[in-house]
Structure formats: structure tokens, C-alpha cells
Amino acid sequence: MAKTKRHHLTAAPILCMMVISFLSRSAVAAFTTTSSSRCTPAFLQLRHSIRLCSTNNDSSTDENTTTSDTWQNPRSRWARKKHFNKLKMLKEQEQEEQEKGSNSSLDWDSFDFSDSPKMDKRFKNKSSSPSDETGIPEHVLNTISTDSITYQTYLQSEKSIDQDTSRRSLESQSEILSLSPDIVKRSIDILTPYIQDRRMERIDEVLNQRTKHTRFLYENPSNPSNVFACLRTLDSFGIQYVDTIVQSDSYQGKAAVNQKRGMRTAMGSAVWMSIRQFGSLEDAVRHLREEEGCLIYASDLNPSAKDVRDLVWDVDFDDDNDVVVGGELTGGRVTDGEDGKMHKKQRPICIVMGNEDRGISDEMRELADETFYLPMCGFAESFNLSVATAITLAYMSAVSTRAGDEDSYDLKGPLRPGDLDSHELQCLRLRGVLNSLAQRRMGKALLKKEGIVLPKSFFNF
-6 MAKTKRHHLT AAPILCMMVI SFLSRSAVAA FTTTSSSRCT PAFLQLRHSI RLCSTNNDSS
54 TDENTTTSDT WQNPRSRWAR KKHFNKLKML KEQEQEEQEK GSNSSLDWDS FDFSDSPKMD
114 KRFKNKSSSP SDETGIPEHV LNTISTDSIT YQTYLQSEKS IDQDTSRRSL ESQSEILSLS
174 PDIVKRSIDI LTPYIQDRRM ERIDEVLNQR TKHTRFLYEN PSNPSNVFAC LRTLDSFGIQ
234 YVDTIVQSDS YQGKAAVNQK RGMRTAMGSA VWMSIRQFGS LEDAVRHLRE EEGCLIYASD
294 LNPSAKDVRD LVWDVDFDDD NDVVVGGELT GGRVTDGEDG KMHKKQRPIC IVMGNEDRGI
354 SDEMRELADE TFYLPMCGFA ESFNLSVATA ITLAYMSAVS TRAGDEDSYD LKGPLRPGDL
414 DSHELQCLRL RGVLNSLAQR RMGKALLKKE GIVLPKSFFN F
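Residue numbering for the sequence shown follows the working numbering, beginning at -6 and increasing consecutively.
In C-alpha cells, the structure reads:
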């Protein structure tokens, strides 16, 4: 008897739950099937609201099946609303970026500063990431401490990359100019049929106005947007040769190192110019002085600096001090092979621009032949780097005149368009043709078919 009683007591809760469940389902069914004639207006309005919400939920789910799995709570209208607002905001941002053009890649013909110039995403090299070059994933670099061994290893890897970039940039210049004139001419003849006539005319027009008498040197710049803007300005004034000094130890902190990486992308995007990178100030000055014979004019605000309008641009080589220029020993006078007359050969100019915040270094200040400043009369303390470059070039252009149109030795002033020698001009012309092909791989294939293999320097764009 006790067992039977115990059994009924155990089954009682289960029976109660079944009865409650049955009654609840019956009530819901009765609620949804009640005739509208027997319901009050308030009840009808409530039932209509329930059905309307159910219909909206079903349609929303059908229209957004691709994003419903991202909701934390599919039944929460608040979660759905938050999700849709976020998608709407992202879409508006994307449209705004497309209108501004900041979502596109670097464009040499037209470039505008972004809202964040120092961290512009366009200067992130998409073909390589920190993990590709240094072996350390980018998400790890953003979380580790600057005192950690991993970060110090990363800095060492970056230093090696800077040294390799400097070495390759110096080799690139010599490789291009060491190519025989015959190979250069044959290569141009092979590729020219694949270039539109209008494009070839534009290439020749631009290169015929290039000058090598003046070059610019940037010492440890830090803003890739500024560097890219400077290069475009130099290109517009006909400057062909640009040098940079990138000392790895001068870039401290994660932001500075990332900006330095962006500068490598900016300089690599200047396919129409000849750019060299030096790893130290001493190497740069030695190349400029001993191999190029340049006068070094550095922009600085020291008390002894001259007004840019007072600089002397036309300086002859010293008759007593021979200088090696282009690998040949040259004195103060050279012979023009065309007319047989003796002409004074004047020293080329190198304009040095310092870091955006620190300016030029003390070593550069001591080694420069002259320091100069740009006149200002406002409350601002200095110009932006790209603006300073443009103003300096404007002053230089104003004093650059032709004493005669027929003889290249009659050119005066720092900017002397058309002073590139014939072989140098043809090498740059070949590089311009390769860069103008619809598919850049085509050039290498067409030349290889004719038995011509150009150095890699021609294809580094």
C-alpha cells in the first residue's frame, strides 16, 4: 500500500504540468481564433498589433538572411535596430570615402591629403605586410610592449629592410644607366607600337623638360603624405633626381616606425622619378659632394641662414680643385664637343629639407655650404614640408632664365630644363614606356621574346 501511495505522489506533479500545458495551448488557440464580432475594440487592436509585429519580423528575417546570424538576439527589436543602424552608418562612410577619393589607391596624377595624413591607409603596402617582411604578425605588433624582446627583434628587422632598400636604390641607378644605348633603343622600338601616340608625345614632352642640375634631399622625413606630396611637386617643376636619408634609429615608437613603412610605399609609387635612399648622412653627403660635385643648400632657421632670395645659384667649379662628376675627372672648364668652345661648367645644386618637427640635424647644418630660410611675416613658425618645397621651387623657378635658346650651356639659374644627356634621357624614356603599358607584365614578355632581358630596376614600379 505504501508503494502505491508513493507512486501516485511521484506522478502527481507530472500530471499537473500536462494539464497546465494543455490549458495554455487551448487559451492561445482561443485567443487567436476568437471572432472579431465578440471582441472589444481594445482586444482587436492588441491582436492586430501582435499579428503586425509577427509579419514584420518574418519579412525582416527574409530580407536580411545574410546578416541575421550576426545578431546576438534575433527576437530583440532593439538588437535588430542597432544592427541596421550600424550597417547604414558603414554604408554612408563608404560612400563618403568614395566621393572624396580617399578609398582608392595612390594616384600620381591627382592626390589629396586624407583626414589622417600620418596614418593614411593608402600608404600601406598591400603586397606586403609586417608579417611578410619581419615575420611578426601585425596584430601582435599592436599589442606588445616596446620594451619586449619581440618588439626589439622587429626593430632589428626593420633596420635590415632599410639597409636593403638603400642598397637596392643605389644599385638601381647604376643598373639603368649602365645599359648599352643599342639595347635601350631596340627595347623602345619593340614596345612603342603598344603605346598610344598621344601617350608617347606626353612622355617625350615631360622628359625633355627634366633637369638634373638641381636635386632635393630629405633628411629623415616622418609623414608619408608629405613625402608623396613633395615628390609630386618636384615632378611638376621638372626635378628628376631625389634623395632621402632614412636613419632607422631616428624613428622611435610604433607610430613612427609605421610612418616610415608608409614612406617606403610613397617613394616606391613615384615611378616617374629617380629616387635614392641613404642609410646615413655621411653616405649621402659623400655621394653628393664627391661623385655629383653638388653644392649643398639646407633649409634652416639658424641666425646665419640667408634669405632664399639671396642665394647664389650659378657657381663654377674651382679651377684648382678637380671634381669627379659622372665617373669622369672634370676641372673648372670643359670642352663642348659640338662647337669646340670652352665653357665654364657650373656645380649642381642639392636642396636639403629636414624633418617636419626637428628640422635638419646638427651634422647637416655643419656640412652644408649654405643654409637658407623662407621669408615669413605671420604668426606661424614654419611651413608644412610640402609647402616649403613648393615655395622654394617657386623662388628657384623665378631666377631660372635662358640666356640663349640654342646652347644648353647658356642656361642659367638652378632649374635648367632639358639638361639631361642623350643616353640618360633614353633610359628614362624606356622606363616611361614600360610604365605606360596596359599590362605591365607585357613589357618583360615582349622583350624576352626578342632576346632582351632588362635589369629588375626597370620594372620596380
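Here a beta-carbon is modelled for each residue, glycine too, at the ideal position from N, C-alpha and C.
Hey, is residue i close to the ligand ZN, as in C-beta under 7 Å from one of its heavy atoms?
{"i": "V220", "result": "As for the ligand ZN, it is missing from this structure, which has no ligand bound."}
Starting from residue i, trace the alpha helix (DSSP H) in both directions and tell me its first and last residue.
{"i": "F221", "result": "P217 to S229"}
{"i": "P448", "result": "Premise fails: P448 is in no alpha helix (DSSP H) and is neither H nor E."}
{"i": "N382", "result": "The identity of residue 382 in the sequence shown is Thr, whereas the question assumes Asn. Per DSSP, T382 belongs to the alpha helix (DSSP H) from L378 to A391."}
{"i": "V264", "result": "Run containing V264: none; DSSP gives neither H nor E here."}
{"i": "R179", "result": "P174 to L184"}
Only counting the same chain, and skipping five residues up and downstream in sequence, which positions put a Cβ closer than 8 Å to that of residue i?
{"i": "R192", "result": "S429"}
{"i": "H0", "result": "Here H0 scores only 48 on pLDDT, less than 50, and its place in the model is too uncertain to base an answer on."}
{"i": "E164", "result": "S450"}
{"i": "M10", "result": "none"}
Hey, could you find the ends of the beta strand (DSSP E) residue i is sitting in?
{"i": "R279", "result": "Not the beta strand (DSSP E): R279 falls in the alpha helix (DSSP H), residues L274 to R279."}
{"i": "V345", "result": "I342 to M346"}
{"i": "R269", "result": "S267 to F271"}
Can the beta-carbon of residue i be found closer than 8 Å to that of residue j?
{"i": "V235", "j": "R208", "result": "yes"}
{"i": "Y466", "j": "L304", "result": "The structure shown does not extend to residue 466, since the chain is modelled only from -6 to 454, so the question has no answer here."}
{"i": "I238", "j": "A277", "result": "yes"}
{"i": "M357", "j": "L427", "result": "no"}
{"i": "G352", "j": "D293", "result": "yes"}
{"i": "C287", "j": "C223", "result": "no"}
{"i": "V220", "j": "W306", "result": "no"}
{"i": "M346", "j": "Y187", "result": "no"}
{"i": "L200", "j": "G436", "result": "no"}
{"i": "S180", "j": "L447", "result": "yes"}
{"i": "R279", "j": "Q166", "result": "no"}
{"i": "L184", "j": "L439", "result": "yes"}
{"i": "S215", "j": "N348", "result": "yes"}
{"i": "S379", "j": "T146", "result": "no"}
{"i": "F365", "j": "A298", "result": "yes"}
{"i": "A381", "j": "L367", "result": "yes"}
{"i": "R422", "j": "I154", "result": "no"}
{"i": "M266", "j": "D300", "result": "no"}
Ordered along the chain, which non-local residues of its own chain (more than five positions away) have a Cβ less than 6 Å from that of residue i?
{"i": "R203", "result": "G231, Q233 and L413"}
{"i": "F116", "result": "Here F116 scores only 47 on pLDDT, less than 50, and its place in the model should not be relied on; the value that follows carries that caveat. Excluding residues within five positions, the ones whose Cβ falls inside 6 Å are P217, G255, T258 and A259."}
{"i": "M389", "result": "P407 and L408"}
{"i": "Y144", "result": "I137"}
{"i": "Y244", "result": "V250 and K253"}
{"i": "P410", "result": "Q202, T204 and G231"}
Could you pull the DSSP bridge partners for residue i from this structure?
{"i": "T204", "result": "I232"}
{"i": "D300", "result": "Y366"}
{"i": "I238", "result": "E212 and F271"}
{"i": "Q339", "result": "D309"}
According to DSSP, is residue i part of a helix, a strand, or is it coil?
{"i": "T139", "result": "coil"}
{"i": "Y211", "result": "strand"}
{"i": "A361", "result": "coil"}
{"i": "Q432", "result": "coil"}
{"i": "A291", "result": "strand"}
{"i": "L163", "result": "helix"}
{"i": "Y144", "result": "helix"}
{"i": "H154", "result": "Checking the sequence, you will find Ile at residue 154 rather than His. Three-state result, I154: helix."}
{"i": "G352", "result": "strand"}
{"i": "L404", "result": "strand"}
{"i": "D309", "result": "strand"}
{"i": "Q419", "result": "helix"}
{"i": "E194", "result": "helix"}
{"i": "E56", "result": "Confidence in E56 is poor, its pLDDT being 44 and thus under 50, which makes the residue's placement unreliable; the coordinate value appears in the next sentence. Helix at E56."}
{"i": "S243", "result": "helix"}
{"i": "F372", "result": "coil"}
{"i": "E85", "result": "helix"}
{"i": "L427", "result": "helix"}
{"i": "E168", "result": "helix"}
{"i": "D411", "result": "Per the sequence shown, the amino acid found at residue 411 is Gly instead of Asp. Of the three classes helix, strand and coil, the one that applies to G411 here is coil, per DSSP."}
{"i": "Q189", "result": "coil"}
{"i": "E283", "result": "helix"}
Excluding sequence positions up to five away, which residues of its chain have a Cβ less than 7 Å from the Cβ of residue i?
{"i": "C420", "result": "I169, L170, L172 and V177"}
{"i": "R70", "result": "none"}
{"i": "E475", "result": "With the chain running from -6 to 454 in the structure shown, residue 475 is simply not present."}
{"i": "K152", "result": "S241"}
{"i": "E417", "result": "L170"}
{"i": "Q156", "result": "G272"}
{"i": "V308", "result": "L288, Q339 and R340"}
At the 8 Å Cβ level, is residue i part of the contact set with chain D, yes or no?
{"i": "P174", "result": "Considering every chain present, this structure includes no chain D. It has just one protein chain."}
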